[in-house]
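**Q**
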Amino acid sequence: MIYGWMKTNVKIPQGADKLKVTVHVCSNGWGEGLAVDYGLWTDNSGIQIIVDDAVWYNKINESTIKSEHHHSYYKHDYGESFSTNLFNVSGKDNVTLTIRMTDGARLDFCNVTLTFFTHTPTEKYTGVCYSPFRDNEDPEFGILPTIDELKEDLFLIKNLSKSIRTYGISKNLSEIPRLCEDIGIDCYPGAWISRCKCDNE
Numbered sequence: 004m005i006y007g008w009m010k011t012n013v014k015i016p017q018g019a020d021k022l023k024v025t026v027h028v029c030s031n032g033w034g035e036g037l038a039v040d041y042g043l044w045t046d047n048s049g050i051q052i053i054v055d056d057a058v059w060y061n062k063i064n065e066s067t068i069k070s071e072h073h074h075s076y077y078k079h080d081y082g083e084s085f086s087t088n089l090f091n092v093s094g095k096d097n098v099t100l101t102i103r104m105t106d107g108a109r110l111d112f113c114n115v116t117l118t119f120f121t122h123t124p125t126e127k128y129t130g131v132c133y134s135p136f137r138d139n140e141d142p143e144f145g146i147l148p149t150i151d152e153l154k155e156d157l158f159l160i161k162n163l164s165k166s167i168r169t170y171g172i173s174k175n176l177s178e179i180p181r182l183c184e185d186i187g188i189d190c191y192p193g194a195w196i197s198r199c200k201c202d203n204e
């Protein structure tokens, strides 16, 4: 039974990036669950489940009251369970889990289950053809992407493909192979043959 709060340290399994907390209410009978006495109830009565600084709130408000007994309002009765949203635990070795009751609420529960989720990367394409021109950019008019725009594109492509094939080496486009090397993506540069012999050279 929790009237105030409880806190514990949780070790994060290697590779886990999300955590869901599920509270299981006991199944012995009436009187167990998430509740608040009539005289103590406010709009903020409920339970906060906190992982480090991230807070999930489950309030006992008028629209969610399921039953009334033992001079109390109940949102979750005996035998029920409720779960939080997913907490981001990516890159962490451990977190602090806190369960805090607010404005007179209490929790009579059996146990808490922690479920960890691991992100499975999507397999990347072997390579994609990359044309860096955006709206209103046109090489024939000398309007070319900026270095920042190229970087933004290449960081996005890195999540999808192992390499790029690109065309053109005019002005900023000549920086694409270097940017790819810095970002960590293979680049296979090509050249666009135009009617202008000077440009082709």
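Here the working numbering = 1-based position in the sequence shown + 3. Think of the CB as a built atom: it goes at the ideal place given N, C-alpha and C, for glycine as much as any other residue.
(1) At what residues does the alpha helix (DSSP H) containing Pro180 begin and finish?
(2) Contact between the region 143-160 and the region 110-122 is defined here as three or more beta-carbon pairs at a separation below 8 Å; is this criterion met?
(3) Compare the Cα-Cα distances from Leu22 to each of Ser93, Lys127, Asp106, Ile167 and report the closest residue.
(4) Rounded C-beta distance between Val98 and Val54? I'm assuming under 8 Å.
(5) Starting from Asp151, trace the alpha helix (DSSP H) in both directions and tell me its first and last residue.
(6) Assuming Glu83 and Gly36 make a contact with CB atoms under 8 Å, what is their CB distance in whole Å?
(7) Would you say Gly107 and His73 are within 7 Å of each other, going by their C-beta atoms?
(8) What is the C-beta distance between Trp8 and Arg103, in whole angstroms, given that I count them as a contact (C-beta under 8 Å)?
**A** Looking at the atomic coordinates:
(1) Counting from one through the sequence shown, the residue named residue 180 turns up at place 177. Segment 179-186, the alpha helix (DSSP H) holding Pro180.
(2) no
(3) Numbered from 1 along the sequence shown, position 19 holds the residue referred to as residue 22. Minimum Cα distance to Leu22 is reached at Ser93.
(4) Sequence index remark: in the sequence shown, residue 98 carries index 95 (1-based). Sequence index remark: in the sequence shown, residue 54 carries index 51 (1-based). Sure, about 5 Å apart at Cβ, within 8 Å.
(5) Reading the sequence shown from its first residue, position 148 is the one you call residue 151. That run of the alpha helix (DSSP H) goes 150-161.
(6) In the sequence shown, residue 83 corresponds to position 80, counting from 1. In the sequence shown, residue 36 corresponds to position 33, counting from 1. Rounded, the Cβ-Cβ distance is 7 Å, consistent with contact.
(7) For the purposes of this step, residue 107 is taken as the residue at position 104 of the sequence shown. For the purposes of this step, residue 73 is taken as the residue at position 70 of the sequence shown. Not in contact: Gly107 and His73 (Cβ atoms no closer than 7 Å).
(8) Mapped onto the sequence shown, residue 8 falls at position 5. Mapped onto the sequence shown, residue 103 falls at position 100. 4 Å between Cβ atoms; contact.
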